[in-house]
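Protein chains in written order, with this note's numbering: chain A, 2 to 351; chain B, 2 to 351. Every residue, glycine too, gets a C-beta built ideally from N, C-alpha and C.
2 protein chains.
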Amino acid sequence: MTDNVRLTEREETILHAVIHTYVTTAEAVGSRSIVKRYGLGVSAATVRNVMADLEDQGYLEQLHTSSGRVPTDRGYRYYLNHLMPVQPPSPEERDQIDTELSQMVRDAQEIIRHTSQLLALISHHPGIVEAPDDTNAVIRHVELAPITDSRVAMVVADNYGGVRTMLIALDEPLPRDNVEKLNQFLNEQGEGVTFEQMGRAISHRLETSQDEERRLAETAVRVLGLMPPHRSAQVFLEGTIQLFEQPEFHDVSKARAIFTLLERRDHLIELLRARLLTEEPPRFSVVLGSEMEPEGMEEISVVASPYMVGGQTVGILGVVGPRRMPYWRITPVVGYTAGSLSRLLTRLAG
Amino acid sequence: MTDNVRLTEREETILHAVIHTYVTTAEAVGSRSIVKRYGLGVSAATVRNVMADLEDQGYLEQLHTSSGRVPTDRGYRYYLNHLMPVQPPSPEERDQIDTELSQMVRDAQEIIRHTSQLLALISHHPGIVEAPDDTNAVIRHVELAPITDSRVAMVVADNYGGVRTMLIALDEPLPRDNVEKLNQFLNEQGEGVTFEQMGRAISHRLETSQDEERRLAETAVRVLGLMPPHRSAQVFLEGTIQLFEQPEFHDVSKARAIFTLLERRDHLIELLRARLLTEEPPRFSVVLGSEMEPEGMEEISVVASPYMVGGQTVGILGVVGPRRMPYWRITPVVGYTAGSLSRLLTRLAG
DNA sequence: GTTAGCACTCAACAGCCGAGAGTGCTAAAG
DNA sequence: CTTTAGCACTCTCGGCTGTTGAGTGCTAAC
Chain A
2 MTDNVRLTER EETILHAVIH TYVTTAEAVG SRSIVKRYGL GVSAATVRNV
52 MADLEDQGYL EQLHTSSGRV PTDRGYRYYL NHLMPVQPPS PEERDQIDTE
102 LSQMVRDAQE IIRHTSQLLA LISHHPGIVE APDDTNAVIR HVELAPITDS
152 RVAMVVADNY GGVRTMLIAL DEPLPRDNVE KLNQFLNEQG EGVTFEQMGR
202 AISHRLETSQ DEERRLAETA VRVLGLMPPH RSAQVFLEGT IQLFEQPEFH
252 DVSKARAIFT LLERRDHLIE LLRARLLTEE PPRFSVVLGS EMEPEGMEEI
302 SVVASPYMVG GQTVGILGVV GPRRMPYWRI TPVVGYTAGS LSRLLTRLAG
Chain B
2 MTDNVRLTER EETILHAVIH TYVTTAEAVG SRSIVKRYGL GVSAATVRNV
52 MADLEDQGYL EQLHTSSGRV PTDRGYRYYL NHLMPVQPPS PEERDQIDTE
102 LSQMVRDAQE IIRHTSQLLA LISHHPGIVE APDDTNAVIR HVELAPITDS
152 RVAMVVADNY GGVRTMLIAL DEPLPRDNVE KLNQFLNEQG EGVTFEQMGR
202 AISHRLETSQ DEERRLAETA VRVLGLMPPH RSAQVFLEGT IQLFEQPEFH
252 DVSKARAIFT LLERRDHLIE LLRARLLTEE PPRFSVVLGS EMEPEGMEEI
302 SVVASPYMVG GQTVGILGVV GPRRMPYWRI TPVVGYTAGS LSRLLTRLAG
């Protein structure tokens with residue numbers, strides 16, 4: 002994907018200039034406008050020659066003969082890998098992120114929803130955040146609370162401060178006085194491990210124990226067997242209307258395509274997981290639409306970062322926008338937000 | 002609002018015809034096209050005269066001199082009140098609603114979210130459903146489940162099958178062995194009444210009881226005092242992309258306006274509440290955008306209905322669309338869905 | 001290798017024209 | 001008095017044209 006060719010210095014300067022002006026103006030950029038704006042000590046004609054070279058190499062393209070150049074995905078990729086300045090977010094942005102996040106005092110779920118709004122607010126593009134899913138959450142405490150004879154709520158607190166409730170419809174009533182013991186048993190088996198591990202521990206007990214403990218294990222298996230299947234991770238996507246501001250989506254058919262795409266937000270996050278979390282360690286990344294597997298996302302790109310609790314990656318957050326995004330501004334914001342969220346959740350959990 | 006003037010029969014026929022063709026074609030309708038399509042035994046010139054009359058009376062309007070007529074809000078209102086055929090949904094629609102709803106077996110929250118999708122699916126317009134809010138939910142069972150020393154989860158089952166969990170951050174730890182008794186106490190006070198009533202009952206105990214019961218009441222007050230404020234009712238709005246299909250929203254600026262509007266879905270539902278639930282009994286209703294208080298919703302209208310559990314109204318559901326909506330098709334669907342959802346939730350609660 | 005000059009291309013915009021749909025008015029017919 | 005036919009008029013929409021301006025590619029000179 003990232004081939005190691007390096008462009009000459011002048012080519013880099015000009016590619017950088019093209020991308021920068023294209024991103025800010027949303028219009029194909031010509032040789033003259035570049036020398037005007039950046040006045041590198043050469044003439045428009047020279048710039049033209051270099052641009053032609055860059056086009057041959059696939060970094061730029063023309064929409065039609067004789068109009069300005071526009072960066073290709075390859076051009077963006079090169080920019081992202083070699084040219085983009087590495088900088089922290091502006092003090093104002095940092096301030097805004099910090100204060101907004103520090104005002105969130107409720108449970109993990111709420112914090113995560115608000116983070117997506119925060120991202121949208123600051124980046125002026127839709128923000129997306131995936132809530133940690135159950136699969137590898139470590140149980141800190143579990144409690145069965147009987148609601149009626151035939152229904153029981155299972156409250157699970159996990160290691161990153163999240164608490165969720167599952168409703169279990171029983172096939173036969175749970176003896177009331179048994180609940181206390183069952184809770185104790187579940188916590189013995191479940192504390193500090195994942196759901197899957199708890200299941201295994203209980204099965205093991207079922208085989209090796211006797212009498213009361215065995216009876217408890219049987220009940221536990223019965224109850225847990227009736228548990229609804231794991232909820233797939235929740236994804237919050239906020240601020241989608243911001244896309245209307247982008248001139249590329251002023252065409253209604255394009256806008257519709259994008260919105261249709263974004264409706265499948267679980268799908269989108271799945272693609273991001275594939276890109277971010279397969280690497281070790283999982284890391285920050287900008288994903289261009291055309292680099293994603295199933296076609297159809299050519300128009301968009303995502304600046305995404307994993308976030309973690311206590312050193313372990315638990316989810317992804319990011320900003321969605323058109324390919325023509327001010328990456329140099331968005332990237333620091335996303336990175337900083339991921340860091341702040343990680344810290345906040347870790348504190349909440351600890 | 003509904004003035005009692007009745008139009009002549011011929012005027013009604015023509016108004017009906019204009020609305021019907023305008024809704025289906027989305028184009029201003031002229032006299033000739035009406036006689037062609039409906040061939041009432043009169044000439045185009047006569048129709049023209051009648052249309053001119055209807056325009057004078059404010060039921061129709063012209064976009065510009067010499068193009069067809071378009072219904073005004075007043076025209077729609079008259080249609081809705083006097084002209085629209087009263088009919089059940091088509092067998093296929095009924096079928097679809099029944100099967101989709103019967104497949105939902107999870108908790109009330111999930112059912113309600115899916116109902117908004119269902120409405121969108123069948124009506125081809127965005128569906129909106131307001132989840133029952135806490136304010137007048139009757140507590141069926143309440144249970145405190147300690148998570149850590151400083152946090153406790155309160156699980157509340159209400160009378161319509163909903164279960165919600167609230168996290169309470171304690172100021173000082175809750176003695177573990179006290180929890181059992183506290184739970185019992187809370188249920189004694191809370192079962193069968195609303196939150197507010199429970200609060201009052203406990204305050205009363207605090208004044209009249211002594212010793213242990215008084216101590217329990219004190220603890221209860223302390224814990225409940227730390228409870229987060231009532232969550233405002235959740236509103237699910239699904240299928241908004243369907244709006245892109247409507248020609249009136251092919252203009253991006255209009256589309257953006259609508260989407261901005263719909264982002265404040267809690268606000269929208271508030272307006273609907275004001276319209277539907279102030280009447281006694283609360284009833285089915287079509288609300289045209291211009292009839293709503295704060296300006297700015299002229300472009301849309303909502304077909305909405307309350308739904309209930311065990312005879313009591315607990316929420317609102319509906320379909321949002323452009324003014325130019327096929328009310329005769331949507332209205333039965335919304336009504337039927339409200340009925341089915343009411344039955345389902347009542348069954349679930351019972 | 002770089003620059004100036006020049007001919008050429010293309011999108012975007014404004015203006016114009018004709019077709020088509022629809023109206024309002026008037027006068028004649030019922 | 002109501003209905004109808006006829007006619008002149010209005011307005012939108014689509015297609016066509018010419019112009020403008022930004023931008024390119026090429027070539028020859030520096």
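Residues near residue i in its chain [Cβ-Cβ closer than 8 Å; skip 5 each side]
i                         : result
isoleucine 259 of chain A : Leu244, Phe250, Glu300 and Ile301
proline 86 of chain B     : Trp329
glutamate 93 of chain A   : none
glutamate 56 of chain B   : Glu62, Gln63 and Arg70
isoleucine 270 of chain B : Ile129, Glu131, Ala234, Val236 and Ile317
Residues sharing a beta bridge with residue i, DSSP
i                            : result
phenylalanine 237 of chain A : A:Val130
glutamate 144 of chain B     : B:Val156
methionine 105 of chain A    : Methionine 105 of chain A pairs with nothing; no bridge assigned.
glycine 319 of chain A       : A:Ile129 and A:Ala305
arginine 70 of chain B       : B:Val30 and B:Gln63
threonine 195 of chain A     : A:Val139
glutamine 313 of chain B     : B:Val310
Extent of the continuous alpha helix (DSSP H) run through residue i
i                        : result
leucine 61 of chain B    : From DSSP, leucine 61 of chain B is part of no alpha helix (DSSP H) but of the beta strand (DSSP E) over 61–63.
glycine 336 of chain B   : 328–350
isoleucine 35 of chain B : 32–39
glycine 76 of chain A    : 74–79
leucine 269 of chain B   : 266–277
arginine 215 of chain A  : 212–226
Proximity of residue i and residue j at Cβ, strictly below 8 Å
i                         : j                         : result
leucine 207 of chain B    : arginine 201 of chain B   : no
glycine 316 of chain A    : alanine 350 of chain A    : no
isoleucine 331 of chain B : serine 124 of chain B     : yes
valine 304 of chain A     : glycine 290 of chain A    : no
tyrosine 23 of chain A    : valine 30 of chain A      : yes
leucine 262 of chain A    : methionine 293 of chain A : no
proline 229 of chain B    : methionine 167 of chain B : yes
alanine 146 of chain B    : leucine 187 of chain B    : no
leucine 122 of chain A    : serine 341 of chain A     : no
leucine 227 of chain B    : leucine 183 of chain B    : no
tyrosine 80 of chain A    : leucine 16 of chain A     : yes
leucine 346 of chain B    : alanine 109 of chain B    : yes
alanine 154 of chain A    : valine 164 of chain B     : yes
valine 36 of chain A      : serine 44 of chain A      : yes
serine 151 of chain A     : proline 174 of chain A    : yes
glutamate 13 of chain A   : leucine 120 of chain A    : no
alanine 256 of chain A    : alanine 256 of chain B    : yes
N- and C-terminal bounds of the beta strand (DSSP E) containing residue i
i                         : result
methionine 52 of chain A  : Taken as a continuous stretch (DSSP letters only), methionine 52 of chain A belongs to no beta strand (DSSP E), being part of the alpha helix (DSSP H) at 45–57.
tyrosine 308 of chain A   : 301–310
valine 287 of chain A     : 286–289
methionine 167 of chain B : 164–170
Buried/exposed call for residue i, threshold 16 Cβ in 10 Å
i                        : result
arginine 284 of chain A  : exposed
threonine 100 of chain A : exposed
valine 6 of chain B      : exposed
threonine 149 of chain B : exposed
glycine 76 of chain B    : buried
threonine 338 of chain B : buried
alanine 46 of chain A    : exposed
arginine 325 of chain A  : buried
glycine 59 of chain A    : exposed
histidine 142 of chain B : buried
threonine 25 of chain B  : exposed
arginine 177 of chain A  : exposed
Same chain only: Cβ atoms within 7 Å of residue i, ignoring 5 sequence neighbours per side
i                        : result
proline 333 of chain B   : Gln88, Pro89 and Pro90
valine 139 of chain A    : Asp159, Asn160, Gly193, Val194 and Thr195
leucine 225 of chain B   : Gly200
isoleucine 98 of chain A : Leu119, Ile123, Tyr337, Thr338 and Ser341
Residues near residue i in its chain [Cβ-Cβ closer than 6 Å; skip 5 each side]
i                            : result
phenylalanine 237 of chain B : Arg114, Ser117 and Val130
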